[in-house]
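*Asks:* Numbering-wise, this note's numbering puts 284 at position 150 of the sequence shown, and it's gapless, one number per residue.
C-beta atoms are modelled at their ideal positions from N, C-alpha and C, and glycine is treated no differently.
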Amino acid sequence: MVMAMILFNYKAYPEAIGKGALRLSRYLDEIGEEFGVKISVSPQYLDIPTIIRETRNLEVFSQHVDPVKGAYTGSVSPLSLKEAGVSGSLLNHSERKLKISSIKEGVLTLKDLGLTSIVCAEDELIASMISKLSPDFIAVEPPELIGTGISVSKAKPELLERTLQLKEFKIRILCGAGISSGEDVERAMEIGMDGVLVSSSFVKSKNPKEKALELIEAYSKFI
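1. Using 8 Å for Cβ pairs, my map puts V171 next to S196. What's the rounded Cβ distance?
2. What does a CB cutoff of less than 6 Å around I313 pick up in its chain, not counting 5 residues either side in sequence?
3. Can you tell me whether DSSP reads G166 as helix, strand or coil?
4. Determine, using beta carbons only, whether V274 and C309 come nearer to each other than 7 Å.
5. Starting from the N-terminal side, write out each stretch of the beta strand (DSSP E) that is 3 residues or longer and does not extend beyond the stretch 200–282.
6. Suppose you measure from the CA of I182 to the CA of R157; what does that come to, to the nearest Å?
7. Could you please give me the residues that DSSP links to N143 through a beta bridge?
8. Taking only beta-carbon atoms, is K338 less than 7 Å away from chain B?
9. If you scan the stretch 290–314 from start to end, which runs of the beta strand (DSSP E) of 3 or more residues do you find wholly inside it?
10. In terms of residues, what are the limits of the beta strand (DSSP E) holding E193?
11. Which of the three DSSP states is assigned to G154 in this structure?
12. What does G329 pair with, by DSSP beta-bridge criteria?
13. Grab me the residues of A346's own chain with a C-beta within less than 7 Å of its C-beta, minus the 5 sequence neighbours each way, in chain order.
14. Going by DSSP in three states, K340 sits in which element: helix, strand or coil?
15. Could you compute how far the alpha carbon of A146 sits from the alpha carbon of R296?
16. Helix, strand or coil for V171? Go by DSSP, reduced to three states.
17. Could you tell me whether the Cβ atoms of P342 and A311 are closer together than 7 Å?
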């Protein structure tokens, strides 16, 4: 399992689907190799096999997983994700929220399959509850900042500082929401985060390769 992470979440942005997803992933793959750091991406499900096949340096994560097997039409099978070659999955993103019981099942299922769990939490109280489920990572993302360009590391540094106590449970802490610049990344890492989640600032950038370079260069200073 990786010990620190910068994860680029493609969500369902048109710019990051199909050929666009592969183009963005190749940028990240190239820049990650240049700086000698592992880069993680979370693309649409149908793009996962292509990205795994066509890149060398990327860890690929699912955006969601359903901890089920058998007669569950429309569900995202954890076993199918493992067979596709993913490293793990996000759970409980604010755009795909889950009940605590489903989070628990998801974490356990991923662990049984040898996959990494990244569970999102909107604040330190939710993060504390989730910590009892022993995920590999907790990603603190205040939903009101997602997509705003106002970074959590600038707007709510005290929130991030309060979550650091969860490290005593051997859980690694990430942050996301509004991470838009190298400075945002550096502030998060200086506070003590184990990494960051990035989305629209990269995917929707007029020059995504340049933006990726800025973000990854900042991250690499702490790895």
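*Replies:* Judging by the given coordinates:
1. Within the sequence shown, numbered from 1, the residue matching residue 171 stands at position 37. Within the sequence shown, numbered from 1, the residue matching residue 196 stands at position 62. Between S196 and V171 the Cβ distance is about 21 Å, and since that is not below 8 Å, they are no contact.
2. Sequence index remark: in the sequence shown, residue 313 carries index 179 (1-based). Around I313: S285, V330 and V332.
3. Working through the sequence shown from its first residue, we reach residue 166 at position 32. G166: helix per DSSP, three-state reduction.
4. To locate residue 274, count along the sequence shown from 1; it is residue 140. To locate residue 309, count along the sequence shown from 1; it is residue 175. Yes, Cβ-Cβ distance for V274 and C309 is below 7 Å.
5. You should have 222–225, 250–255 and 271–274.
6. Residue mapping note: residue 182 aligns to position 48 of the sequence shown, counting from 1. Residue mapping note: residue 157 aligns to position 23 of the sequence shown, counting from 1. Each residue's alpha carbon lies about 13 Å from the other.
7. For the purposes of this step, residue 143 is taken as residue 9 along the sequence shown, with counting starting at 1. DSSP lists S176 as partners of N143.
8. The displayed structure is made up of one protein chain only, and chain B is not part of it.
9. 306–309
10. Residue mapping note: residue 193 aligns to position 59 of the sequence shown, counting from 1. Where E193 is concerned, the enclosing beta strand (DSSP E) stretches over L192 to S196.
11. Mapped onto the sequence shown, residue 154 falls at position 20. In this structure, G154 counts as helix in the three-state DSSP scheme.
12. As a working note, residue 329 is residue 195 in the sequence shown. Its beta-bridge partners are M139.
13. Against the sequence shown, residue 346 aligns to sequence position 212. Same-chain partners within the cutoff: Y161, L162, I165 and F336.
14. If you number the sequence shown from 1, residue 340 lands on position 206. Three-state DSSP puts K340 in coil, outside helix and strand.
15. Here residue 146 is taken as the residue at index 12 of the sequence shown, counted from 1. Here residue 296 is taken as the residue at index 162 of the sequence shown, counted from 1. One C-alpha to the other measures close to 31 Å.
16. By one-based count along the sequence shown, residue 171 stands at place 37. Note: V171 maps to coil in three-state DSSP.
17. Along the sequence shown, read from residue 1 onward, the residue named residue 342 stands at position 208. Along the sequence shown, read from residue 1 onward, the residue named residue 311 stands at position 177. No. Outside cutoff.
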